[in-house]
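Novice:
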Ligand code: NAP
Ligand code: ZN
Ligand code: ZN
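In our numbering, the protein residues as written are 1 to 348.
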């Protein structure tokens with residue numbers, strides 16, 4: 001067993017607190033990663049506070065994990081000691097279904113195993129995430145990271161990065177596509193960077209007037225304050241694609257009205273409450289709503305390689321593990337620029 005220090009949520013309402021536990025020993029196909037940095041995703045907060053229901057405690061959140069390989073199983077081929085490596089939102093899947101065979105393991109018909117708030121496939125062990133000093137994961141679900149990039153700013157690519165990269169690619173965003181990104185947080189700021197780097201005309205849809213300057217610096221060509229009806233009117237029927245990253249309960253209708261003929265709104269944000277979809281708004285302009293969940297193992301590695309080639313990383317604020325509860329409070333006030341990343345040296 002591998003002794004591991006961590007921070008855990010013990011129930012939905014009390015602040016996260018220290019937690020010591022053991023990781024499994026390194027199996028033949030496993031890689032042990034000493035975690036150096038872990039991003040703080042809004043999904044961590046949703047699950048720690050049981051906003052989606054069914055949370056499993058104690059819960060060590062964190063699925064934007066980067067660090068150094070310190071041990072490998074005998075059958076590991078992709079990694080050697082000292083390599084930089086990352087672990088994202090899933091750590092296992094059935095591996096034999098049609099979706100797993102296509103390396104779309106996030107849609108495994110028997111459900112992927114989440115990095116935390118999930119039971120491992122042995123049915124006995126609670127999977128625990130990256131607010132911790134060590135992780136042991138089958139190499140299929142571990143990614144290679146280029147030493148060219150700033151490692152702490154790479155961490156958020158493992159969830160926020162792939163979650164925005166994958167659907168923008170899937171719907172074919174390219175030069176000149178009119179893309180709007182709703183919500184300038186962790187996902188949103190990477191969505192803007194990717195859409196701009198694919199050559200799209202990018203518009204930020206935000207509720208925070210103070211974020212306009214940053215949005216433009218991140219690559220947005222236009223900025224729309226969605227609380228101002230006059231600004232919204234100008235973009236009625238305009239966008240080919242809206243990437244909706246909003247974490248809080250909201251009405252989809254405001255955004256759907258902005259879609260052009262055959263426009264698509266991609267839902268990646270997971271607010272606790274469902275939104276109504278008015279039929280009339282959807283029918284006009286033959287609009288559609290699609291969903292997308294992270295990305296599979298093949299595409300996650302492709303995204304990381306794309307980022308190394310195009311010098312794309314997250315804009316981050318580095319925090320100590322002990323600061324996590326304050327970071328959650330700030331995230332709820334939309335006050336993150338634009339991703340908190342935990343320095344795990346603070347736990348060692
Ligand atoms: P975040 O950093 O908190 O950003 C969310 C942004 O939403 C805020 O910064 C804010 O941007 C906007 N917002 C907040 N309240 C709003 C409201 N009432 N109306 C409109 N906009 C509002 O969160 P995140 O880490 O990017 O995560 C976003 C969501 O994606 C979460 O629900 C998370 O669980 C989900 N997620 C899904 C996947 C997936 O696989 N699909 C993966 C990761 C995360 P402005 O200040 O610009 O308005
Ligand atoms: Zn996430
Ligand atoms: Zn499967």
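C-beta: ideal position from N, C-alpha, C; glycine also.
Bear in mind the structure is a predicted one, so any value in this text is a computation, not a measurement.
Buried or exposed for residue 174, going by 16 or more other Cβ atoms inside 10 Å?
Specialist: Locating residue 174 in the chain shown gives position 174, counting from the first residue. With fewer than 16 Cβ atoms within 10 Å of its Cβ, residue 174 is classed as exposed.
Novice: Please classify residue 349 as buried or exposed, where buried requires at least 16 other C-beta atoms within 10 Å of its C-beta.
Specialist: Any question about residue 349 goes unanswered here, given that the chain covers just 1 to 348.
Novice: Here's the rule: buried if 16 or more other CB atoms are within 10 angstroms of the residue's CB, otherwise exposed. What is residue 248?
Specialist: Here residue 248 refers to the residue found at position 248 when the chain shown is read from its first residue. It counts as exposed.
Novice: Please list the terminal residues of the continuous alpha helix (DSSP H) segment that includes residue 211.
Specialist: Working through the chain shown from its first residue, we reach residue 211 at position 211. Counting along the chain, residue 211 falls outside any alpha helix (DSSP H), and DSSP gives it neither H nor E.
Novice: Determine the closest residue to residue 3 out of 282, 22, 332 and 57, with distance taken between C-alpha atoms.
Specialist: For the purposes of this step, residue 3 is taken as the residue at position 3 of the chain shown. The residue with the shortest Cα to Cα distance from residue 3 is 22.
Novice: If I follow the unbroken alpha helix (DSSP H) through residue 329, where does it start and stop?
Specialist: Numbered from 1 along the chain shown, position 329 holds the residue referred to as residue 329. That run of the alpha helix (DSSP H) goes 324-332.
Novice: Check each candidate in 119, 260 and 143 and name the one with the smallest Cα separation from residue 234.
Specialist: Here residue 234 refers to the residue found at position 234 when the chain shown is read from its first residue. It is 260.
Novice: Among 250, 285, 276 and 206, which one has its Cα closest to the Cα of residue 262?
Specialist: Position 262 of the chain shown holds residue 262. Checking every option, the nearest Cα to that of residue 262 belongs to 285.
Novice: Could you give the residue range of the alpha helix (DSSP H) that holds residue 73?
Specialist: For the purposes of this step, residue 73 is identified with residue 73 of the chain shown, where counting begins at 1. Here residue 73 belongs to no alpha helix (DSSP H), and DSSP marks it neither H nor E.
Novice: Between the Cα of residue 53 and those of 18, 117 and 288, spot the shortest distance and give me the residue it belongs to.
Specialist: Within the chain shown, numbered from 1, the residue matching residue 53 stands at position 53. For residue 53, the nearest C-alpha among the options comes from 117.
Novice: From residue 5 to residue 55, what distance separates their C-alpha atoms?
Specialist: If you number the chain shown from 1, residue 5 lands on position 5. If you number the chain shown from 1, residue 55 lands on position 55. Near 21 Å, if we compare the C-alpha coordinates of residue 55 and residue 5.
Novice: Taking 7 Å as the cut-off, is the C-beta of residue 270 nearer than that to any heavy atom in ligand 1?
Specialist: The sequence position of residue 270 within the chain shown is 270, counting from 1. Because some heavy atom of ligand 1 lies under 7 Å away, the Cβ of residue 270 counts as near it: yes.
Novice: Is DSSP giving residue 229 helix, strand or coil here?
Specialist: In the chain shown, the residue the question calls residue 229 occupies position 229. Three-state DSSP puts residue 229 in a helix.
Novice: If residue 114 sits next to residue 89, beta carbons under 8 Å apart, how far is it from one beta carbon to the other, in whole angstroms?
Specialist: For the purposes of this step, residue 114 is taken as the residue at position 114 of the chain shown. For the purposes of this step, residue 89 is taken as the residue at position 89 of the chain shown. Correct: roughly 6 Å between the Cβ atoms.
Novice: Identify, in the order they occur along the chain, each residue of the same chain with its Cβ nearer than 8 Å to the Cβ of residue 176, setting aside the five sequence neighbours on each side.
Specialist: Numbered from 1 along the chain shown, position 176 holds the residue referred to as residue 176. Closer than 8 Å at the Cβ level, and outside the excluded window around residue 176, lie 199, 200 and 201.
Novice: Decide if the region 134-153 is in contact with the region 22-34; the criterion is three or more beta carbon pairs, one per stretch, under 8 Å apart.
Specialist: In short, these stretches touch, since the Cβ pair count reaches three.
Novice: By DSSP, does residue 195 sit in helix, in strand, or in coil?
Specialist: To locate residue 195, count along the chain shown from 1; it is residue 195. The answer is helix: DSSP assigns residue 195 an H, G or I state.
Novice: In or out: residue 95 buried (at least 16 other Cβ within 10 Å) or exposed?
Specialist: What you label residue 95 is simply residue 95 of the chain shown in a count that begins at 1. Residue 95 should be labelled exposed.
Novice: Relative to the C-alpha of residue 317, which residue among 217, 272 and 343 is closest?
Specialist: For the purposes of this step, residue 317 is taken as the residue at position 317 of the chain shown. For the residues 217, 272 and 343, the minimum Cα distance to residue 317 belongs to 343.
Novice: Which runs of the alpha helix (DSSP H) spanning at least 4 residues fall entirely within the region 121-180, listed in chain order?
Specialist: Listed in chain order, they are 151-154 and 160-170.
Novice: DSSP has residue 22 in a bridge; who is on the other side?
Specialist: Numbered from 1 along the chain shown, position 22 holds the residue referred to as residue 22. DSSP lists 3 as partners of residue 22.
Novice: Span of the alpha helix (DSSP H) holding residue 288?
Specialist: As a position in the chain shown, residue 288 is number 288, starting the count at 1. First-last for residue 288: 288-291, but that is the beta strand (DSSP E), not the alpha helix (DSSP H).
Novice: Can you list, in chain order, the residues of its chain with a C-beta nearer than 7 Å to that of residue 216? Leave out the 5 residues immediately preceding and following it.
Specialist: The count along the chain shown starts at 1 and reaches residue 216 at position 216. Hits under 7 Å: 223.
Novice: Relative to ligand 5, what is the chain-ordered list of residues with a Cβ closer than 7 Å to any of its non-hydrogen atoms?
Specialist: Although ligand 5 was asked about, the structure shown includes only ligand 1, ligand 2 and ligand 3 as ligands.
Novice: Taking residue 108 as part of the alpha helix (DSSP H), name the residues at either end of that continuous run.
Specialist: Reading the chain shown from its first residue, position 108 is the one you call residue 108. Counting along the chain, residue 108 falls outside any alpha helix (DSSP H), and DSSP gives it neither H nor E.
Novice: With distances taken between CB atoms, is the gap from residue 218 to residue 194 smaller than 8 Å?
Specialist: The count along the chain shown starts at 1 and reaches residue 218 at position 218. The count along the chain shown starts at 1 and reaches residue 194 at position 194. No; because the gap between Cβ atoms is not below 8 Å, this pair is not in contact.
Novice: Could you tell me which of 15, 289 and 65 sits nearest to residue 349, measuring between CA atoms?
Specialist: Residue 349 lies beyond the residue range present for the chain, which begins at 1 and ends at 348; the question has no answer from this structure.
Novice: Would you identify the three-state DSSP class for residue 64, choosing helix, strand or coil?
Specialist: Here residue 64 corresponds to residue number 64 of the chain shown, with the count starting at 1. Correct three-state label for residue 64: coil.
Novice: For the region 262-271 against the region 289-299, are there 3 or more C-beta pairs whose distance is under 8 Å?
Specialist: The region 262-271, when compared against the region 289-299, does touch it at the 8 Å Cβ threshold.
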